[in-house]
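In full-length UniProt numbering, the protein residues as written are 1 to 291.
To start, the structure under review is shown below, and the notes come after it.
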């Protein structure tokens, strides 16, 4: 996904004089050819993530379309105040593109993990959040985001699904059943499909949890049983689901990264296991919950 972002952003900078890129050292080497060609629109501010967001806000105020990029923990967690003030409070948008979340960077320790990034962005109004599950989804999402001026968060991962679904801004059913609706966000589709094999459930996929497709949710949640599996903090979308189904009886299971600081390094596969997001643990959680 990261390479797809680099290739697409480089092409957009070449083709569109409004598109700009602000970096804080992360991926600077990969964008060096673009920086040499467009030194006025590819800016590296050094290891100053708050400044990166402030510069992006200033560029947006001039009518440019800035992309800011770093690890999620530096891009969102560290620079949240600037996102709140320099973008949201100023009424301007930018495209924030992250890597490393939730625990893709686990080999570097908790400093490089950010399972709370989407929940932080969700505290601010008007953001679109894309969580692609396949490299083939990155280019269309990024290209579409440069065509307007609204705030967009594009969350990239090293974990991927087997198939790209370009049409998954809305909930896209990929398996049909009768006992429950299981919504898989981004790269959670592959483990969810493995976990639900043999279960009588509908599995629906989305790479755009904000705005959440509440119309599709209401159409698919005919049983009243809804499970949402997200690759960030468990419960991040619970309020959206509950509000959308407030007028009908329903049961909700929210699975995602737990709020425990495990004080562990390990691999992304290890963390998926520890947080119950591997197929074996997901299957156990769903079968225990299903009526």
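From the three backbone atoms N, C-alpha and C, an ideal C-beta is built for every residue, glycine too.
Owing to the predicted nature of the structure, the values given are computational and were not obtained by experimental measurement.
- Distance from the CA of residue 44 to the CA of residue 55, rounded to the nearest whole angstrom, comes to 10 Å.
- Segment contact: the segment 205-218 against the segment 166-186, three or more CB-CB distances shorter than 8 Å; contact assigned.
- Collapsing the DSSP output to three states places residue 57 in a helix.
- Annotated three-state conformation of residue 203 is strand, per DSSP.
- Around the Cβ of residue 63, a 10 Å sphere holds fewer than 16 other Cβ atoms; the residue is exposed.
- Residue ranges of uninterrupted alpha helix (DSSP H) with 4 or more members, entirely inside the segment 180-253 and ordered along the chain, are 189-195, 214-220 and 238-244.
- By the Cβ criterion, the segment 110-124 is in contact with the segment 214-232, since at least three pairs of Cβ atoms, one from each stretch, lie closer than 8 Å.
- At a cut-off of 4 residues, the continuous stretches assigned as alpha helix (DSSP H) that sit fully inside the segment 118-188 are 138-145.
- Residue 69 is bridged by DSSP to 23 and 97.
- Nearest in C-alpha terms to residue 88, of all of 152, 16, 20 and 189, is 152.
- DSSP lists 21 as the beta-bridge partner residues of residue 42.
- Judged by DSSP secondary structure, residue 280 falls within the alpha helix (DSSP H) whose first and last residues are 279-289.
- A straight-line Cα-Cα distance of about 39 Å links residue 3 and residue 290.
- Contact between residue 279 and residue 211 is ruled out by a C-beta separation of about 29 Å, above the 8 Å threshold.
- Looking at the DSSP output, residue 257 shares a beta bridge with 233.
- Here the alpha carbon of residue 139 sits roughly 6 Å from the alpha carbon of residue 8.
- Spanning the alpha carbons of residue 10 and residue 107 requires a straight line of approximately 28 Å.
- If you compare the alpha carbons of 31, 193 and 159 with that of residue 281, the shortest gap goes to 193.
- Inter-residue distance for residue 272 and residue 246 is about 31 Å (C-alpha atoms, whole angstroms).
- In the structure shown, residue 82 adopts helical secondary structure according to DSSP, grouped into three states.
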